[in-house]
Each structure stands twice: as structure tokens, then as C-alpha cells.
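Residue numbers for the sequence shown follow the working numbering, beginning at 8 and rising by one. These notes concern the structure reproduced below.
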Amino acid sequence: MTKSHYQHLRDRWRARHQDLQRTLWNKHKESLDWLSNNYRQLVAGSLGGLMLLTGHASTPTLNFPQAGASESAEKIIDKRVFLISDLAKILPTQVRTLTADEEQKALDILSRTFNLKLAAELEGKRLNRSYGLIGAEQHLARYPGDTLSTHFDQEEERESYWQSGMAPGLGAWRYFANSRDSLTQLDADREKYYIAVQTFLSKDFNNRFAEYRDFYKYRKMLVVNPNNGKAIVVDIGDAGPGESTGKHLGGSPEVMHYLERFDGRQRGPVLYFFIDDPDDKIKLGPISELSS
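This is the structure:
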């Protein structure tokens, strides 16, 4: 191969590489900003992975030094990058109700990634949507007399979440426990990792109120931020928000903090699906590991 021919190929590759970079940053700016802010040492490798997913699967992967990063952390970040890219290919640019095809593809991706049995419809019941804007909720009283002064078990939690305040009313299922003495860890986790969903917009909700009420009570769901790949197992602890808010679900302060799912208006898009867990084996809380 002559030098001039090599230089011609090199210049073409550089031009193509620059075009890909511009496209990636324009389309996935929020995701890449997150990666940059949280895992600066992995940005170069992550960009390479995203570039491969945009249509250059045959291009060799470039390996950059990962100073100070553990092998397990690298694997999780790599899988998150793939998850972010996979979801970006199927989700609409504007938040709206997903089509049946989009919803099924999202289900397939998340089920495979997190090794969970997920469903948009369970026992013949489904919410009004599975992709929507989540907004910040306040803490809920866990038992009669629970206040911000008694709500936190650790000082670190108090410092992080005190400012979110306590909701003036109770959750949809009222208290999580009958008293402070009877409060279990599961009760505490149900409040800590709760979401509010628009149960009242479910088809036939008013005609089958008692049935739907019992079905939704503490029902486990997976909530995923498609822009950073973070996922958390939550339970339905309240109903809302109202349609006039422009939001489709709400998350506890702890849920919102983990997902990094907020902007200046305290809202952002998430995917949320039922977890089919009849034996109650799936633990509430953040998913720190991704399946192989």
C-alpha cells in the first residue's frame, strides 16, 4: 500500500470519526455528560463502545488505561453504556406513550440486562403507560407519629434527605406499620423506595376499584433511567401525580437521588415495568450489578 493511499484512507477515517463523534454528542449528550461527570477515567473507552454500537461493530475496540478503576466497576460501566445505547435506538426523542413494538423491545432489553421477569401487563392489569416523566415526591409517614425527626436511621441519610420534607398526607395505603415498635425493615424499605403511579388512569379502575387497589398495593416495579442506565427496584406506595402536573409518576427522595432523574424542574424520563416476583425474592433498592 503506497503512502499516499494510506494517508487518503487515514484522512477518510478521521473525517468519519469526527462525524460520528458529533452525532453521538448531539444525540446522547445527557448520557455522555453523566459518564463524564461520574467516570471520567472511562470516557474514552465508553465513547469507543458507543461508536461500535452506532454501526461499526467490525472496528477494533481501543483499550485505554483505566487508572484506579476496579475490574468489576469497568464491567458494570461497559454494560451500562450498551444499555444506554440500546434504549436510545428504540425510545422516542419526546416522552410519549410507547407503541406496542417499542414497549416490547424495551422489555426485552431490560429483562435481558437485569435478568428479571418484567411485564407491562400483569394479571390482566396495566398502568396507563410504561415510559414517562418522574417527579420528586416527599417522605411518607411510616407509622402514626412519624416525623422528620424520627424518620432517619442514620445521620448521613438525615443530611441528604431532610430537605425533601414530609408529605402532609398519608400514602395510598396509609401507614406502612401500625407503630414505631412494629416497624420492620421491609416496612422501612417500602417507604424508602416507593413510587407514586397513576393507578386511577388504569383501564376499568373505577369499576374494579377493590381489585385494582389490592393488586397495586406495594407492587414491585423496576424503574430505569435510560440516560444513565441506573435501575432500582421499587414498590408502589402512593397514587399520583395528578394529570395537570405534566408528570406521570413520582419517586421518593431516595429513588430520585439514586436515579439522578431530575433537572431544574425536578422531573425526567424513566421506564417502569412490573416485576413478576410471586415468591417475593427480589429485594427493594438499587441494582448495583448487571447480569452477564
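Don't be surprised by glycine CBs; every beta carbon is placed ideally from N, CA and C. Since we're looking at a predicted model, the values are computed, not measured.
In the same chain as Leu190, and ignoring 5 residues on each side of it, the C-beta atoms closer than 8 angstroms to its own belong to Arg149, Tyr150, Phe183 and Ala184, in chain order. Straight through space, the alpha carbons of Arg215 and Ser156 are spaced by roughly 39 angstroms. Exclusion of the five residues before and after Leu147 leaves Ala174, Gly178 and Glu198 as the residues of its chain whose Cβ lies within less than 6 angstroms of its Cβ. Here Arg197 carries a helix assignment [DSSP, helix/strand/coil]. Just so you know, the alpha carbons of Asp245 and Ile202 end up roughly 6 angstroms apart. With distances taken between CA atoms, Ile91 lies nearest to Thr120 out of Leu229, Val241 and Thr120. Distance between Arg133 and Phe159, taken at the CA atoms: about 33 angstroms. Contact between the segment 160–168 and the segment 226–245 is absent: fewer than three C-beta pairs spanning the two stretches fall below 8 angstroms.
Cβ contact annotation for Phe212 (same chain, cutoff 7 angstroms, sequence separation greater than five): Thr206 and Tyr219, in chain order.
Take Lys290, set aside five residues on each side of it, and no residue of its chain has a beta-carbon closer than 6 angstroms to its own. In the three-state scheme derived from DSSP, where H, G and I count as helix and E and B as strand, Lys96 is classed as helix. For His146, the three-state secondary structure derived from DSSP is strand. The beta carbon of Gln101 is closer than 8 angstroms to none in its chain, skipping five residues each way along the sequence. DSSP, reduced to helix, strand and coil, places Glu164 within a helical segment of the structure shown. Rounded to whole angstroms, Arg268 and Asp93 show a C-alpha spacing of 19 angstroms.
For Pro260, the uninterrupted alpha helix (DSSP H) run begins and ends at Pro260 to Leu266, by DSSP. At the C-beta level, Gly247 and Glu109 stay beyond 9 angstroms of one another. Under DSSP, Lys290 shares a beta bridge with no residue.
In this structure, the beta-carbon distance from Leu117 to Leu123 falls below 9 angstroms. Scanning its chain for C-beta atoms nearer than 8 angstroms, with the 5 sequence neighbours on each side dropped, one finds around Ile97 the residues Glu109, Lys112, Ala113 and Ile116, in chain order. By the beta-carbon neighbour count (other beta carbons within 10 angstroms, threshold 16), Gly257 is buried. Between Leu266 and Lys237 the beta-carbon gap is near 5 angstroms, inside 8 angstroms, which marks them as a contact.
Our two residues, Tyr225 and Ser251, have alpha carbons roughly 25 angstroms apart in a direct line.
Residue range Lys227 to Val231 is occupied by the beta strand (DSSP E) that includes Leu229. When the Cα atoms are used, Gly142 and Asp188 turn out to be separated by approximately 32 angstroms.
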